[in-house]
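Engineer: Mapping the sequence shown onto the numbering used here, position 33 (from 1) lands on 33, and the numbers just tick up by one.
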Amino acid sequence: MIIECACKKYKFAVKAEEIGINGRVVQCGVCDQKWFQEPASSEEFKVL
Numbered sequence: 001m002i003i004e005c006a007c008k009k010y011k012f013a014v015k016a017e018e019i020g021i022n023g024r025v026v027q028c029g030v031c032d033q034k035w036f037q038e039p040a041s042s043e044e045f046k047v048l
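#1: Count the other CB atoms within 10 Å of the CB of Gln27; is the residue buried (16 or more) or exposed (fewer)?
#2: Short of 7 Å in beta carbon distance, which residues of its chain neighbour Pro39, apart from the five on each side in sequence? Order them along the chain.
#3: Can you look up Ala16 in the DSSP assignment and give me helix, strand or coil?
#4: Using the DSSP secondary-structure output, state which residues sit across from Gln27 in a beta bridge.
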């Protein structure tokens with residue numbers, strides 16, 4: 001899945017499993033902003 005930094009300047013590709021089904025707080029590796037990332041949609045999230 002692609003997530004976008006809270007500052008709207010940076011995007012990152014992450015595995016949906018890293019965000020989890022409940023979402024999580026993530027931090028931008030460029031500007032250091034933190035935000036709560038909502039979980040992937042059911043189409044993006046695949047449980048193995």
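C-beta atoms are modelled at their ideal positions from N, C-alpha and C, and glycine is treated no differently.
These figures come from a predicted structure and were not determined experimentally.
Structural biologist: This is what the structure gives:
#1: exposed
#2: Ile19, Gly20, Ile21, Asn22, Gly23 and Phe45
#3: helix
#4: Lys34
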